[in-house]
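Trainee: This is the structure I want to talk about, given as structure tokens.
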Amino acid sequence: MVINSTLTIQPENIQVVIPSNRNRPQSVPNLSSRSSKNSPDRSHNERKRHLHRQIFIPDKPPFINFSSSYINPYRTLTPIIINHNRRHRLKKNKHSKRKQKKQNISNILIHEQENQIEENSFSKQIIQNTNPIDLWPSDPNSFDMDFIRQRQIAIDNTSYRETIHTWKPSSIDQLTTLIKDLIKDKNLIDHVWVIFYWISQNILYDIDGDIDHNHNQNLKQKSNEIFSSRKTTYDGYATIFKILCNDIGIECITILGYAKDSHFQINQSKFSQINHIWNAVKLNDNHWYLIDTVLGSGYIDNKYKYKKHLNIHYFLTRSEYMIYSHLPNDSQWQLLAKPISMFDFFRLPYLHSYYFIYNLTLISPRFSSIVFFDKNESYAEVLIQAPNDVQLICSIKNDHKSTCLTQYDISRQVWQCLFAPYKIGFHTLIIYANRLLISNSLINVIELGVDISLKDFLRKKIFPITFEKFIQYKCQIFSPLDGILKYGTKVTIHCRIPNASYVRISLDGIWLEEMTLKHDIFKQQITVPQREIIIYAQFNNKNLTNIYYGLIRYLVEK
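All you need for this note's numbering is the position in the sequence shown, starting with 1, plus 795.
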């Protein structure tokens, strides 16, 4: 298993001081539809298209129509001369290799087409199944208020962390002694937290390590090996956690199963094999709790480098949360009142840990990993509720041509994430979140998919470009939602800009008159210019500052 990457992105921001004249200020970026900020490198695209042509050439053998062929019986027959020189042999071998290569490509294409048909069929099954999935825990009393409070106290206890960082045990037995001394007269939650924290700070994930499928190996011996090397794979994390728990008298088991990791595809319909192991511990009046020390210790970044990162979500995790990413091979360890099937596991959206840490709620789609594509509007819509201090932004994975729009719908009190893929096929949709005043990075919280058929792809949709302040102030575009407007047409710009005092529009660098907002609503009709339209807003008192922030940008086609 490869641990999920923590992906981060940064939105763009522009601002300008309004000059006394009406010309375009120098500080505003003069972006065009061919700007490097909006289009990927042309040479890179050419290389990709060349590779695409190489791989996806269909095999078309010559075809003879015997019913229409004609041979002249009086034609002089030309003898066939076989050239045995070296040049002829090389040419013949080259032709033979080319023919074999075409046949191999044809076989690959057939295999890919079969997989694509299977994936498309599976996506249709998911989106057509609208039945809710019951995720009620089998032990609803396990997370009472007293347990939640004790868990948080243990996590926030800085003295535990400071003490653990001073430890330098020479053996796992000495480590057990140190743990027992620290947790003397403490509750069981503290016992488990000390073990969880020590592992997260001292054991590294071995990216290139081999998975040990010999589960009958002596666990004590294996834990000693892990302690000595301070490096292991997911099975080793589960093993050393179990041994340390058992050594201090806590009942702990290992759970074999399946996990949605960074290799997971939203439209995949099966796992080739068991790919993860985690733990469950029995605490407080025989309540079972789930723990994943692998994901709780770090992650693998975009450069395939392991990064240490303490993730408390995987410490005593609620079963109704863990099931979104972990499916035990033995259904009883789902710890759900009604265990779900493998099909329902794939149906569930791929929710990352920070989805729960940030207290998000996926409103639509609720129980589907595949998003409905509205062929009339040419986009897919995802709705999410979030606390006031959390901001969202969305994108389509590995796709620079498609466009997305994230905006806040104040009437429904939800974030609206709109996705407009530029071509048919399957696309992975990613939603990022950021908690204000804590981090400037946007973290991957939700992954979904959309599958677009040729009959549903009526037209390409391109959304307007929005900037950082648009998200920060929770703005919303009512119309137009098309990011490219027709030159010379009359268009009404209609949007909501909360907390804005004044709004101005720039048409090809020419400023229109300043407008005062009423009830946060901006509405103005314009004639589309030759190049671009940018909407700016001022969010402070006009007497205090003359800075306008760029919010929305439209391009123009002639």
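Where is the CB? At the ideal position from N, CA and C, for every residue including glycine.
With DSSP as the reference, identify every bridge partner of Thr-1287, one or two as the case may be.
Mentor: Walking along the sequence shown from the start, residue 1287 turns up at place 492. In DSSP, Thr-1287 forms a bridge with Gln-1320.
Trainee: Assign Leu-1224 to one of three DSSP states: helix, strand, or coil.
Mentor: By 1-based counting over the sequence shown, the position of residue 1224 is 429. Strand, per DSSP.
Trainee: So what does Trp-1128 bridge to, in DSSP terms?
Mentor: What you label residue 1128 is simply residue 333 of the sequence shown in a count that begins at 1. DSSP lists no partner for Trp-1128.
Trainee: Compute the Euclidean distance between the alpha carbons of Lys-1318 and Ile-1342, then round it to the nearest angstrom.
Mentor: If you number the sequence shown from 1, residue 1318 lands on position 523. If you number the sequence shown from 1, residue 1342 lands on position 547. In a straight line, the C-alpha of Lys-1318 is about 21 Å away from that of Ile-1342.
Trainee: Between which two residues does the alpha helix (DSSP H) carrying Cys-1040 extend?
Mentor: Locating residue 1040 in the sequence shown gives position 245, counting from the first residue. Unbroken alpha helix (DSSP H) run through Cys-1040: 1029-1042.
Trainee: From Val-1245 to Leu-1280, what distance separates their C-alpha atoms?
Mentor: As a first step, residue 1245 is located in the sequence shown; it is residue number 450 there, counting from the start. As a first step, residue 1280 is located in the sequence shown; it is residue number 485 there, counting from the start. Cα to Cα, the separation comes out at about 26 Å.
Trainee: Consult DSSP for Ile-1165 and reduce its assignment to one of helix, strand or coil.
Mentor: To locate residue 1165, count along the sequence shown from 1; it is residue 370. DSSP places Ile-1165 in strand when its eight states are reduced to three.
Trainee: Throw me the rounded Cβ distance for the Ile-1158 and Val-1240 pair, which I believe falls under 8 Å.
Mentor: Locating residue 1158 in the sequence shown gives position 363, counting from the first residue. Locating residue 1240 in the sequence shown gives position 445, counting from the first residue. Contact doesn't hold; Cβ gap of about 14 Å is too wide.
Trainee: Where does Ile-1292 sit, in a helix, a strand or coil, going by DSSP?
Mentor: Translated into positions along the sequence shown, residue 1292 becomes position 497. It is coil, neither helix nor strand.
Trainee: Report the residue from Tyr-1109, Pro-1324 and Tyr-1084 whose alpha carbon sits nearest the alpha carbon of Ser-937.
Mentor: Locating residue 937 in the sequence shown gives position 142, counting from the first residue. The shortest C-alpha separation from Ser-937 is found at Tyr-1084.
Trainee: Would DSSP call Ser-828 helix, strand or coil?
Mentor: Against the sequence shown, residue 828 aligns to sequence position 33. Confidence in Ser-828 is poor, its pLDDT being 37 and thus under 50, which makes the residue's placement unreliable; the coordinate value appears in the next sentence. Of the three classes helix, strand and coil, the one that applies to Ser-828 here is coil, per DSSP.
Trainee: Under 8 Å: do the region 944-958 and the region 981-988 share three or more Cβ pairs, one atom per stretch?
Mentor: The region 944-958 is in contact with the region 981-988.
Trainee: Output needed for Trp-1128: all residues of its chain with C-beta closer than 7 Å, excluding positions within five of it in sequence on either side, in chain order.
Mentor: Residue mapping note: residue 1128 aligns to position 333 of the sequence shown, counting from 1. So the list reads Ile-1050 and Ala-1075, once near-sequence residues are dropped.
Trainee: Going by the DSSP bridge assignment, what does Ser-937 pair with across the sheet?
Mentor: Counting from one through the sequence shown, the residue named residue 937 turns up at place 142. According to DSSP, Ser-937 bridges with nothing at all.
Trainee: So for Ala-949, helix, strand or coil by DSSP?
Mentor: Along the sequence shown, one-based indexing puts residue 949 at 154. Ala-949 falls in the helix class under three-state DSSP.
Trainee: At which residues does the alpha helix (DSSP H) containing Arg-1348 begin and terminate?
Mentor: The residue given as residue 1348 occupies position 553 in the sequence shown. Looking at the DSSP string, Arg-1348 is not in any alpha helix (DSSP H); the run it does join, the beta strand (DSSP E), is 1342-1352.
Trainee: Can you tell me whether Leu-1111 is buried or exposed, with buried defined as 16 or more other CB within 10 angstroms of its CB?
Mentor: On the sequence shown, residue 1111 is found 316 positions in, with the first residue counted as 1. Its Cβ being crowded by 16 or more others within 10 Å, Leu-1111 is buried.
Trainee: Can you tell me which of Lys-979, Val-1323 and Asp-1087 puts its alpha carbon nearest to the alpha carbon of Lys-1285?
Mentor: Taking the sequence shown and counting its residues from 1, one reaches residue 1285 at position 490. With distances taken between Cα atoms, Lys-1285 lies closest to Val-1323.
Trainee: Return helix, strand or coil for Thr-1088, following the three-state DSSP convention.
Mentor: Mapped onto the sequence shown, residue 1088 falls at position 293. The answer is coil: DSSP assigns Thr-1088 none of H, G, I, E or B.
Trainee: Please state whether the Cβ-Cβ distance between Ile-998 and Ile-1021 is less than 8 Å.
Mentor: Reading the sequence shown from its first residue, position 203 is the one you call residue 998. Reading the sequence shown from its first residue, position 226 is the one you call residue 1021. Yes, the pair counts as a contact, with Cβ atoms nearer than the cut-off.
Trainee: With 16 as the cutoff for other CB atoms within 10 Å, does Glu-1352 come out buried or exposed?
Mentor: Against the sequence shown, residue 1352 aligns to sequence position 557. Under this definition Glu-1352 is an exposed residue.
Trainee: Which residues mark the beginning and the end of the beta strand (DSSP E) in which Gln-1186 is found?
Mentor: By 1-based counting over the sequence shown, the position of residue 1186 is 391. Start and end: 1185-1191.
Trainee: Measuring straight from C-alpha to C-alpha, what distance separates Phe-1066 and Tyr-1116?
Mentor: Numbered from 1 along the sequence shown, position 271 holds the residue referred to as residue 1066. Numbered from 1 along the sequence shown, position 321 holds the residue referred to as residue 1116. Computed Cα separation, rounded: 21 Å.
Trainee: Could you check which residue in Pro-932, Gly-1004 and Gln-1186 has the C-alpha nearest to that of Gln-1211?
Mentor: As a position in the sequence shown, residue 1211 is number 416, starting the count at 1. Residue Gln-1186 is the option with its Cα nearest to Gln-1211.
Trainee: On the three-state DSSP scale, how would you describe Trp-962?
Mentor: For the purposes of this step, residue 962 is taken as the residue at position 167 of the sequence shown. In this structure, Trp-962 counts as coil in the three-state DSSP scheme.
Trainee: In terms of DSSP beta bridges, what is Arg-1354 paired with?
Mentor: Since the displayed the chain opens at 796 and closes at 1353, residue 1354 lies outside it and no answer follows.
Trainee: Which of helix, strand or coil does DSSP assign to Pro-1144?
Mentor: Locating residue 1144 in the sequence shown gives position 349, where the first residue counts as 1. Coil, per DSSP.
Trainee: What's the gap between the Cα of Thr-1311 and the Cα of Glu-1176?
Mentor: Translated into the one-based positions of the sequence shown, residue 1311 becomes position 516. Translated into the one-based positions of the sequence shown, residue 1176 becomes position 381. Approximately 32 Å, taken between the alpha carbons.
Trainee: Starting from Thr-1049, trace the beta strand (DSSP E) both ways and give me its first and last residue.
Mentor: Reading the sequence shown from its first residue, position 254 is the one you call residue 1049. 1047-1054 is the extent of the beta strand (DSSP E) around Thr-1049.
Trainee: Taking the straight line between their C-alpha atoms, what separation do you get for Ser-1148 and Asp-1087?
Mentor: As a position in the sequence shown, residue 1148 is number 353, starting the count at 1. As a position in the sequence shown, residue 1087 is number 292, starting the count at 1. In a straight line, the C-alpha of Ser-1148 is about 12 Å away from that of Asp-1087.
Trainee: Taking the continuous beta strand (DSSP E) assigned at Gln-1202, which residues delimit it?
Mentor: Along the sequence shown, read from residue 1 onward, the residue named residue 1202 stands at position 407. Its beta strand (DSSP E) spans residues 1198-1204.
Trainee: How many whole angstroms separate the CB atoms of Phe-917 and Ser-1064, which I take to be in contact at a CB cut-off of 8 Å?
Mentor: Translated into the one-based positions of the sequence shown, residue 917 becomes position 122. Translated into the one-based positions of the sequence shown, residue 1064 becomes position 269. Phe-917 to Ser-1064, Cβ: 4 Å. Contact.
Trainee: DSSP has Glu-1176 in a bridge; who is on the other side?
Mentor: Here residue 1176 is taken as the residue at index 381 of the sequence shown, counted from 1. DSSP lists Leu-1213 as partners of Glu-1176.
Trainee: How big is the Cα-Cα spacing for Asp-753 and His-1289?
Mentor: There is no way to answer for residue 753, as the model of the chain reaches only from 796 to 1353.
Trainee: May I ask you to report which of helix, strand or coil DSSP gives Lys-1103?
Mentor: If you number the sequence shown from 1, residue 1103 lands on position 308. Strand at Lys-1103.
Trainee: Can you round the beta-carbon distance between Ile-1095 and Ile-1035 to whole angstroms, since I take them to be within the 8 Å contact cut?
Mentor: Numbered from 1 along the sequence shown, position 300 holds the residue referred to as residue 1095. Numbered from 1 along the sequence shown, position 240 holds the residue referred to as residue 1035. Actually they do not touch by this definition, with Cβ atoms about 20 Å apart.
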